[in-house]
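A.B. asks: One structure follows; several queries about it will come next.
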Amino acid sequence: MSSPQRIVYQQGDHVCTLFSSPEEQLKAAVEYIQVGLARGERCLYVCCEHSVAVFRNELRKAGIDVGAEEKRGALIVITKEDGHLKGGRFDPDKMISLLHTAVQGALDAGFSGLCAAGDMSWVLDEAPGTERVAEYESRLNEFYSSNRALGLCQYNRNTLPPEMLDHCMATHAYVRIEGPILLENPFFESPEKAMHRVADIHKVEDKLRHFETARRSNA
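Just so we're aligned: 91 in full-length UniProt numbering is position 91 of the sequence shown, and the numbers increase by one with no gaps anywhere.
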């Protein structure tokens, strides 16, 4: 039986994309930002594998007036140094505080909420605190469900270590893999359980195959 599918992103979501090519990553990120802008949300994207200039150019190719959207405060594109790795280390408390501030700032500015997304490849830097990724992702589920916001985390299947992919698949209720469909995630764990989880790298390939099969059946 195939996993239930959903295409529309909505506030309260904390979803992920498991991508295997730069083109796939950029396509997913641009489509996500387009949805947020169309709904009147402030969009925040944290670049990692691609420079800010490259991402802005992809948005332009999709018909987004990047300059105008940035000028009115609807679009904010930053680097990992201003996001997850600000100060040279990863601190979940500070990152979630940054998101709280971003949501309130968006609402105060008249936007309907915050549409946040980021490339998780910063974990490859192995900065202090990176070992707290599972805790961070678990806490984000509570954050997004209780705020006028939604989040998209992008994981590179080819470069990120298996333990990070396993944490990813345990902490996002919906997964996007090679296409616009959001697949329900049977490997999702409650935040309480996932907060201090230990990765099981031996099951990662089986989990990925599950999503690939589900994607094909829903294509």
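We put the CB at the ideal spot given by N, CA and C, even for glycine.
1) Rounded to whole angstroms, what is the Cα-Cα separation between residue 25 and residue 108?
2) Taking a contact to mean a Cβ-Cβ separation below 7 Å, would you say residue 169 touches residue 207 in this structure?
3) Have a look at residue 156 and residue 204 and give me their C-alpha separation to the nearest angstrom.
4) If you drop the 5 nearest sequence neighbours on each side, which residues of the same chain put their C-beta closer than 6 Å to that of residue 76?
5) Quick one: what's residue 14 bridged to in DSSP?
6) Since residue 80 and residue 46 are thought to touch, with beta carbons under 8 Å apart, how far apart are those beta carbons, to the nearest angstrom?
7) DSSP three-state label for residue 214, please.
8) Which residue wins for smallest C-alpha separation from residue 200, given the options 187, 116, 219, 68?
9) For the beta strand (DSSP E) containing residue 75, list its first residue and its last residue.
10) Check whether the Cβ atoms of residue 158 and residue 20 sit closer than 7 Å, and answer yes or no.
11) Just the Cα atoms here: how many angstroms apart are residue 209 and residue 125?
C.D. replies: Reading off the structure:
1) Each residue's alpha carbon lies about 31 Å from the other.
2) Cβ distance < 7 Å, so residue 169 and residue 207 count as in contact.
3) Approximately 13 Å, taken between the alpha carbons.
4) Only 44 meet the Cβ criterion.
5) Checking the DSSP bridge columns, you'll see residue 14 partnered with 151.
6) Confirmed, about 6 Å.
7) Of the three classes helix, strand and coil, the one that applies to residue 214 here is helix, per DSSP.
8) Closest by C-alpha distance to residue 200, out of 187, 116, 219, 68, is 187.
9) Run containing residue 75: 75 to 79, per the beta strand (DSSP E) assignment.
10) The Cβ atoms of residue 158 and residue 20 sit closer than 7 Å to each other.
11) Residue 209 and residue 125: Cα-Cα distance of roughly 27 Å.
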